[in-house]
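Below is one structure, written out as structure tokens, with a few remarks after it.
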Amino acid sequence: MRVSSVRTRLSRSIVASSSASSAWTLARTLRGSLLTVEGEQHGALMAGNACVSRTVAAYLVALKSPSEGARCKL
């Protein structure tokens, strides 16, 4: 596994608690991707949202990164 791949995966975890601007900057720096979740609830993964769960599962099971511009609504 390349170091950049590890950094990209780590960045996806970190950006959940970062501002949108910082998240995009980090993703660009690490050449990663983001899943943007629109909603008021903190902790989108635990919200039970099918879109978020599907995207996270695809990454954890098959290492399939979200496509550019991927979005979910809570």
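Taking my numbering, the leading residue of the sequence shown gets 6, the next gets one more, and so forth.
Quick reminder that beta carbons are idealized off the backbone N, C-alpha and C, glycines included.
This one's a predicted model, so the numbers in the text were calculated from it and none came from an experiment.
In this structure, the straight-line span from the alpha carbon of Glu43 to that of Arg59 is close to 16 angstroms. In the structure shown, Arg33 falls within a helical segment according to DSSP collapsed to helix, strand and coil. Judged by beta-carbon spacing, Leu39 lies within the 8 angstroms limit of Ala28, meaning their Cβ atoms are closer than that value.
The closest CA to that of Gly74, considering only Arg33, Ala32, Thr41, Tyr64, is found on Thr41. One Cα belongs to Lys78, the other to Gly37, and the distance between them is close to 21 angstroms.
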